[in-house]
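Enquirer: Below: one structure in C-alpha cells.
Have a look at this one:
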C-alpha cells in the first residue's frame with residue numbers, strides 16, 4: 011500500500027516534469043498610474059523588463075521585476091519612487107508567485123482569447139499579500155499574451171503617502187500588465 | 096491510522112512540490128537573467144549643494160533647477176536690525192543638467208554684485224558592490240561687478256582684478272540610507288587680494304555630511320578648513336573658516352535647505368576664503384536655499400504604452 015502511494019506520487023511528479031510546457035519572456039510590460047484626479051502632473055511609470063514564466067501544464071505562473079528599471083516622465087519622480095516610496099536599495103525586486111486556477115480551460119494549442127483566474131502571492135516593498143485577479147490569455151501560435159488590470163492599495167504594502175503629496179499621489183495605484191510569452 | 100499518516104505524508108509531499116514549483120520557475124527566471132547591472136548608489140545628498148558648497152549630486156539630464164539662496168544679516172545685530180533680517184543678501188541661480196554626469200550653472204549674488212558660473216562633472220560613481228565612493232570635479236569662476244575703485248593717477252584697474260577661480264574635487268560616500276559624508280579638497284585663486292602679504296591661492300579641505308532623520312528631512316553640516324592663507328584679510332577684516340549647519344526638507348518638486356552659517360557670501364570664493372564673521376562672536380547668519388526643478392527634456396525610456404488595454 012505504502013509503496014503504491016509512493017510510486018504514484020513519484021510517477022505524477024515525474025510525468026509533470028517530463029511534459030512540462032513553459033512559456034517565458036523577459037520583456038513583459040507593467041504600467042502603473044497613481045495620480046489623483048486633482049494632480050496637475052501624472053504620476054505614472056512603466057517597466058519594460060518584466061520577467062515572466064508560465065507552466066501551461068500546472069498553471070504555475072511567476073512574475074519578477076526590478077524596481078530600479080521603472081521609467082518615469084521626470085527624473086525626480088524616478089528618484090522619489092526609488093528613495094522615498096519603494097526603497098529599492100532595501101527591496102530591489104517585486105514578484106508574484108501564483109497559479110492560473112482555470113488553466114484547464116485554456117487550450118494552448120488553439121488560437122483564441124481565454125479568460126484566466128489567477129491567485130497567488132504578490133510581494134512589493136518587502137510585503138507579501140495574497141491576491142486573486144482576473145485577466146486574459148491570448149493564444150496565437152507559439153505565443154501567449156497575458157493581460158491584466160487591477161489596483162493595489164499602497165497601504166497594503168506599507169507604502170505611505172504623506173499628506174504633503176496626497177493631492178497628487180493617489181493611495182491606490184492602477185496596474186496594467188501585458189506580457190507576451192513564447193514557448194520554450 | 097496508518098492510512099492517515101500516509102495520506103498526510105502524501106499531502107505534505109504534494110504541498111512541498113507545489114511550493115517547489117514556483118521556486119523552480121523563479122530560479123529559471125533568475126538563471127538566464129542578465130547579471131545585475133553594477134548598481135550605482137543614488138541620492139547621496141538631497142540637493143546639489145550640501146549647504147553653501149557643492150555636493151556630489153548632479154541634476155538629471157535635461158533637468159533645470161531654479162535656485163534662490165538667501166542669507167540674512169548677523170543674528171547678533173539685535174532688535175534694531177530685527178536680528179539680521181533687515182540685511183539680507185540673495186543669490187539667484189539657474190542650474191542645468193546636460194547629461195547625467197555633467198551639469199552647469201549660472202548665478203548672480205547681491206553681495207559684491209557677483210556673477211558666477213560653474214561646471215560639475217561626475218568622474219566616479221559609488222556602487223553597491225564595487226566602487227566605494229563617488230568622485231566629482233567642480234570648477235567655478237566668479238566676476239565681481241562692483242564699480243572700479245578710485246585709483247591714484249597712472250594706476251590702471253584691470254578687469255581681471257574682478258576674477259576668482261575655484262577648483263574642487265568632491266569625494267563622497269553614502270555609508271547607509273541615512274548617513275553620507277563628503278570631503279572636498281579645494282583651491283581658490285584670488286586674482287586680487289587685500290595686500291601682497293597674502294597669497295593669491297588658498298588651499299582648503301572641506302568636510303560635509305548629512306544624517307537623514309526621516310525620509311524627507313535631513314540634518315546637514317559643512318566645514319571648510321583652510322590649510323594655507325588662513326590669515327588672509329578681506330576688506331581689512333580677519334577671515335574665519337566657514338562652518339554651517341542646516342536642515343534639508345524635501346517636498347515633492349522642492350527642496351528647502353535652512354541653515355545657520357557664519358558666512359554671508361554665497362559663491363565658492365567668498366565663503367571659503369572671505370568669511371569675516373565668526374561663530375565665537377555669535378555673528379551668525381540664518382539663511383535658506385530653495386530649489387525647484389523643472390523637466391526640460393523628458394528622460395528616455397518613459398513611453399506610455401498605447402492601445403486600448405492601457406487606457
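Protein chains in written order, with our numbering: chain A, 11 to 194; chain B, 96 to 406.
Think of the CB as a built atom: it goes at the ideal place given N, C-alpha and C, for glycine as much as any other residue.
Would you tell me roughly how many angstroms separate the C-alpha atoms of residue 28/A and residue 99/A, rounded to the nearest one?
Expert: Taking the first chain and counting its residues from 1, one reaches residue 28/A at position 18. Taking the first chain and counting its residues from 1, one reaches residue 99/A at position 89. Its pLDDT being 46, under 50, residue 28/A is placed unreliably in this model, and the value from its coordinates should be taken loosely. Roughly 39 Å separates the two Cα atoms.
Enquirer: Whether or not the region 359-378 of chain B and the region 148-168 of chain B are in contact is what I'm after, with contact meaning three or more pairs of Cβ atoms, one per stretch, closer than 8 Å; do they touch?
Expert: Result yes; three or more Cβ-Cβ pairs closer than 8 Å.
Enquirer: Using the beta-carbon of each residue, which ones in chain A are nearer than 8 Å to residue 116/B?
Expert: Indexing the second chain from 1 puts residue 116/B at position 21. Neighbours of residue 116/B on chain A, chain order: 65, 68 and 70.
Enquirer: Please give me, in chain order, every unbroken run of the beta strand (DSSP E) with length at least 3 that falls completely inside the region 38-105 of chain A.
Expert: As far as the region 38-105 of chain A is concerned, its whole beta strand (DSSP E) runs of at least 3 residues are 54-65 and 70-76.
Enquirer: Quick one: what's got a C-beta closer than 8 Å to residue 134/B's C-beta in the same chain, skipping five residues either side?
Expert: Position 39 of the second chain holds residue 134/B. Contacts found: 222, 223 and 224.
Enquirer: Mind pulling the chain A residues with CB within less than 9 Å of residue 206/B?
Expert: Residue 206/B sits at position 111 when you count from the first residue of the second chain. What residue 206/B touches in chain A: nothing, since even the nearest Cβ is about 30 Å away.
Enquirer: Can you tell me which residues form a DSSP beta bridge with residue 224/B?
Expert: Taking the first residue of the second chain as 1, we reach residue 224/B at position 129. The partner list for residue 224/B (beta bridge, DSSP) is empty, contrary to what the question assumes.
Enquirer: Is the distance from the Cβ of residue 162/A to the Cβ of residue 154/A below 9 Å?
Expert: Indexing the first chain from 1 puts residue 162/A at position 152. Indexing the first chain from 1 puts residue 154/A at position 144. No, these two residues do not count as a Cβ contact at 9 Å.
Enquirer: Expressed to the nearest angstrom, what Euclidean distance is found between the alpha-carbon atoms of residue 90/A and residue 363/B?
Expert: Indexing the first chain from 1 puts residue 90/A at position 80. Indexing the second chain from 1 puts residue 363/B at position 268. When rounded, the distance between both Cα atoms is 29 Å.
Enquirer: List the residues that DSSP assigns as beta-bridge partners of residue 284/B.
Expert: Residue 284/B sits at position 189 when you count from the first residue of the second chain. 260/B and 296/B, per the DSSP bridge assignment.
Enquirer: According to DSSP, is residue 167/A helix, strand or coil?
Expert: Taking the first residue of the first chain as 1, we reach residue 167/A at position 157. Three-state DSSP puts residue 167/A in a helix.
Enquirer: If you check the beta carbons only, do residue 139/B and residue 290/B fall under 9 Å apart?
Expert: As a first step, residue 139/B must be located in the second chain, where it is residue number 44. As a first step, residue 290/B must be located in the second chain, where it is residue number 195. Taking 9 Å as the Cβ cut-off, residue 139/B and residue 290/B do not qualify as a contacting pair.
Enquirer: Would residue 108/A count as contacting chain B if we go by Cβ distances under 9 Å?
Expert: For the purposes of this step, residue 108/A is identified with residue 98 of the first chain, where counting begins at 1. It does: the Cβ of residue 108/A has a partner Cβ on chain B nearer than 9 Å.
Enquirer: Mark residue 242/B as exposed unless 16 or more other C-beta atoms lie within 10 angstroms of its C-beta, in which case mark it buried.
Expert: Counting from 1 along the second chain, the entry for residue 242/B is found at position 147. So residue 242/B ends up on the exposed side.
Enquirer: List the residues of chain B that residue 174/A touches, going by C-beta distances under 9 Å, in chain order.
Expert: Reading the first chain from its first residue, position 164 is the one you call residue 174/A. In chain order: 311, 346 and 347.
Enquirer: Quick one: residues in its chain with C-beta nearer than 8 Å to the C-beta of residue 109/A, no 5 flanking neighbours on either side, listed in chain order?
Expert: Stepping through the first chain from its first residue, residue 109/A is reached at position 99. 68, 69, 70, 71, 128, 129 and 130.
Enquirer: Please classify residue 292/B as buried or exposed, where buried requires at least 16 neighbouring CB atoms within 10 angstroms.
Expert: Locating residue 292/B in the second chain gives position 197, where the first residue counts as 1. Counting Cβ neighbours within 10 Å, residue 292/B comes out exposed, since fewer than 16 surround it.
Enquirer: Between which residues of its own chain and residue 246/B is the CB-CB distance below 7 Å, once the five residues before and five after are set aside?
Expert: Looking up residue 246/B in the second chain gives position 151. The answer, listed in chain order, is 252.
Enquirer: To which residues does DSSP link residue 158/A through a beta bridge?
Expert: The count along the first chain starts at 1 and reaches residue 158/A at position 148. DSSP output for residue 158/A lists 145/A and 187/A as bridge partner(s).
Enquirer: Taking 9 Å as the CB-CB cut-off, is residue 400/B touching chain A?
Expert: As a working mapping, residue 400/B is identified with position 305 in the second chain. Chain A contact via Cβ: present.
Enquirer: Within 10 angstroms of the Cβ of residue 183/A, are there 16 or more other Cβ atoms? Answer buried if so, exposed if not.
Expert: By one-based count along the first chain, residue 183/A stands at place 173. Its Cβ being crowded by 16 or more others within 10 Å, residue 183/A is buried.
Enquirer: Give me the Cβ distance between residue 301/B and residue 279/B, rounded to the nearest whole Å; I'm assuming they're in contact under 8 Å.
Expert: To locate residue 301/B, count along the second chain from 1; it is residue 206. To locate residue 279/B, count along the second chain from 1; it is residue 184. Rounded, the Cβ-Cβ distance is 4 Å, consistent with contact.
Enquirer: Does the CB of residue 136/A have a neighbour CB from chain B at under 9 Å?
Expert: Taking the first residue of the first chain as 1, we reach residue 136/A at position 126. For residue 136/A, the answer is no, since every Cβ of chain B falls outside 9 Å of its Cβ.
Enquirer: Could you give the first and the last residue of the continuous beta strand (DSSP E) run that contains residue 367/B?
Expert: Taking the first residue of the second chain as position 1, residue 367/B is located at position 272. Residue 367/B -> not in any beta strand (DSSP E); alpha helix (DSSP H) instead, spanning 363-368.
Enquirer: Check whether the Cβ atoms of residue 112/A and residue 125/A sit closer than 9 Å, and answer yes or no.
Expert: If you number the first chain from 1, residue 112/A lands on position 102. If you number the first chain from 1, residue 125/A lands on position 115. For residue 112/A and residue 125/A, yes; Cβs fall inside 9 Å.
Enquirer: Please report the distance separating the alpha-carbon of residue 185/A from that of residue 220/B.
Expert: As a working mapping, residue 185/A is identified with position 175 in the first chain. As a working mapping, residue 220/B is identified with position 125 in the second chain. Cα-Cα distance, rounded: 33 Å.
Enquirer: Can you check DSSP and say which residues form a bridge with residue 352/B?
Expert: Taking the first residue of the second chain as position 1, residue 352/B is located at position 257. BP columns for residue 352/B point to 343/B and 384/B.
Enquirer: Note down, in chain order, every chain A residue with its Cβ under 7 Å from the Cβ of residue 158/B.
Expert: Mapped onto the second chain, residue 158/B falls at position 63. Ordered by position in chain A, the residues that pass the 7 Å Cβ test against residue 158/B are 85.
Enquirer: Assess contact between the region 377-392 of chain B and the region 229-244 of chain B, defined as three or more Cβ pairs (one per stretch) separated by less than 8 Å. Is contact present?
Expert: The answer is no - the region 229-244 of chain B does not touch the region 377-392 of chain B, with fewer than three Cβ pairs under 8 Å.
Enquirer: Apart from the five residues just before and just after residue 193/A, which ones in its own chain have a Cβ nearer than 6 Å to its Cβ?
Expert: To locate residue 193/A, count along the first chain from 1; it is residue 183. So the list reads 33 and 152, once near-sequence residues are dropped.
Enquirer: With distance defined between alpha-carbon atoms, name the residue in 176/A, 114/A, 187/A and 156/A nearest to residue 48/A.
Expert: Taking the first residue of the first chain as position 1, residue 48/A is located at position 38. The candidate whose alpha carbon is nearest that of residue 48/A is 176/A.
Enquirer: Pick out whichever of 270/B, 281/B and 271/B has its Cα sitting closest to the Cα of residue 263/B.
Expert: Translated into the one-based positions of the second chain, residue 263/B becomes position 168. Checking every option, the nearest Cα to that of residue 263/B belongs to 281/B.
Enquirer: Taking only beta-carbon positions, decide if residue 121/B is within less than 9 Å of chain A.
Expert: Reading the second chain from its first residue, position 26 is the one you call residue 121/B. Yes, its Cβ sits closer than 9 Å to a Cβ of chain A.
Enquirer: Confirm, please, whether the CB-CB distance from residue 366/B to residue 148/B is below 9 Å.
Expert: In the second chain, the residue the question calls residue 148/B occupies position 53. In the second chain, the residue the question calls residue 366/B occupies position 271. The answer is yes: Cβ separation under 9 Å.
Enquirer: Any residues in the region 378-390 of chain B with a beta carbon nearer than 8 Å to a beta carbon of chain A? Which ones, in chain order?
Expert: Listed by position along the chain: 388 and 390.
Enquirer: Checking the sheet assignment: what are the DSSP bridge partners for residue 166/B?
Expert: Along the second chain, one-based indexing puts residue 166/B at 71. According to DSSP, which records beta bridges pairwise, residue 166/B is partnered with 184/B and 382/B.
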